[in-house]
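What follows is a set of notes on a single structure, which appears directly below.
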Amino acid sequence: MVRPLPRLVGASHNDSHGKEAIVSWIQSPQQALKVQIRWLIRRDMPEVLDIERQSFEFAWTEEDFLCCLRQRNCIGMVAEYNHRIVGFMIYELHKAKLHVLNFAVDPEFRRQAIGAQMIEKLVDKLSQQRRQEIVLEVRESNLSAQLFFKKMGFKAVLVLRSHYDDTDEDAYVMRLTLVDEEAILLPFAPANRISEYDAA
Ligand SMILES: CC(C)(COP(=O)(O)OP(=O)(O)OC[C@H]1O[C@@H](n2cnc3c(N)ncnc32)[C@H](O)[C@@H]1OP(=O)(O)O)[C@@H](O)C(=O)NCCC(=O)NCCS
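Structure below.
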């Protein structure tokens, strides 16, 4: 079985965004519906597929999900409210980043900070020492998702021309990172030995 084409794909550019913006935003919305976010299990698939079909014109099939989740580094999570699945996300663990492949909230439950809580969950999995960024790819026509991810602190870092098999649409690679640009640049900056000496 061929692995399904990721809806969201990674990038390698540097960018500066902290996790404070997202965490402070999550704490502020009035309309937040508190959800429980847990591992996706086989039993959740019918509800996940239902959300998938309502969310995307070119929806993944059950086999696409299963094929993806069989990979060792692939994780599925669901957001649950009152024993009902109201959102899901599928992502891959890479050495230095999380790569989100699929992400959706039930249309009936949108604009209640459920997507934001799922992003917060991902941000919690980052660490300064190891995985420092979340990357994903969004269709150029999917303005609402672009606005959502922008609000969450992601930045568009790359355009992938005619990226999809189903249309000739471009994809925008968006990225949220814990890494500060200064922190990246500093080790390569020329050292001022005199001021170091003065300070000592
Ligand atoms: C994108 C998506 C996941 C957002 O989920 P959500 O739970 O509705 O998002 P939230 O309620 O957490 O939104 C947080 C903020 O993001 C922004 N935002 C979210 N949806 C938006 C929209 N349709 N238009 C403009 N801004 C939006 C807003 O600033 C919002 O805050 P506000 O509601 O206080 O104004 C959801 O719309 C969805 O499932 N879309 C279809 C699937 C999809 O496109 N997935 C992404 C694939 S790349």
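The working numbering puts the first residue of the sequence shown at -17, with every later residue one more than the last.
Glycine is no exception: its CB is placed at the ideal position from the N, C-alpha and C atoms.
### Task
Use the C-beta contact count for N64: other C-beta atoms within 10 angstroms, 16 or more gives buried, fewer gives exposed.
For the purposes of this step, residue 64 is taken as the residue at position 82 of the sequence shown. Exposed: under 16 other Cβ atoms inside 10 Å.
### Query
Would F131 pass as a contact of V120 if the rule is Cβ separation under 8 Å?
For the purposes of this step, residue 131 is taken as residue 149 along the sequence shown, with counting starting at 1. For the purposes of this step, residue 120 is taken as residue 138 along the sequence shown, with counting starting at 1. In contact: F131 and V120 (Cβ atoms closer than 8 Å).
### Query
Taking the beta strand (DSSP E) that A153 falls in, what are its first and last residues?
The residue given as residue 153 occupies position 171 in the sequence shown. Per DSSP, A153 belongs to the beta strand (DSSP E) from A153 to T159.
### Message
Among I67, L48, V105 and M156, whose alpha-carbon lies nearest the alpha-carbon of L129?
### Response
Position 147 of the sequence shown, counting from 1, holds the residue named residue 129. Cα-wise, what sits closest to L129 is M156.
### Query
Under the criterion of a Cβ to heavy atom distance below 7 Å, does I96 qualify as lining ligand 1?
Translated into positions along the sequence shown, residue 96 becomes position 114. For ligand 1, at least one heavy atom lies less than 7 Å from the Cβ of I96.
### Query
Distance, Cα to Cα, E102 vs E122?
Here residue 102 refers to the residue found at position 120 of the sequence shown. Here residue 122 refers to the residue found at position 140 of the sequence shown. Cα-Cα distance, rounded: 24 Å.
### Query
In chain order, what residues of the same chain have a beta carbon less than 8 Å from the beta carbon of S144, not counting five sequence neighbours either side?
The residue you call residue 144 lines up with position 162 of the sequence shown. Cβ neighbours of S144 beyond the five flanking positions: D150, E151 and D152.
#### Entry: Buried or exposed (CB count within 10 angstroms, at least 16 for buried), W42
Taking the sequence shown and counting its residues from 1, one reaches residue 42 at position 60. W42 is buried by the Cβ-count criterion.
### Message
I'd like to know whether the C-beta atoms of R54 and A78 end up nearer to each other than 8 Å.
### Response
Here the question's residue 54 lines up with position 72 in the sequence shown. Here the question's residue 78 lines up with position 96 in the sequence shown. Not a contact, by the Cβ cut-off of 8 Å.
### Query
CB M100 to CB I23, shorter than 8 Å?
Counting from one through the sequence shown, the residue named residue 100 turns up at place 118. Counting from one through the sequence shown, the residue named residue 23 turns up at place 41. It is not a contact, given that the beta carbons lie outside the stated cut-off.
### Query
Taking 7 Å as the cut-off, does the CB of F70 come closer than this to any heavy atom belonging to ligand 1?
Sequence index remark: in the sequence shown, residue 70 carries index 88 (1-based). Not so, every heavy atom of ligand 1 lies at least 7 Å from the Cβ.
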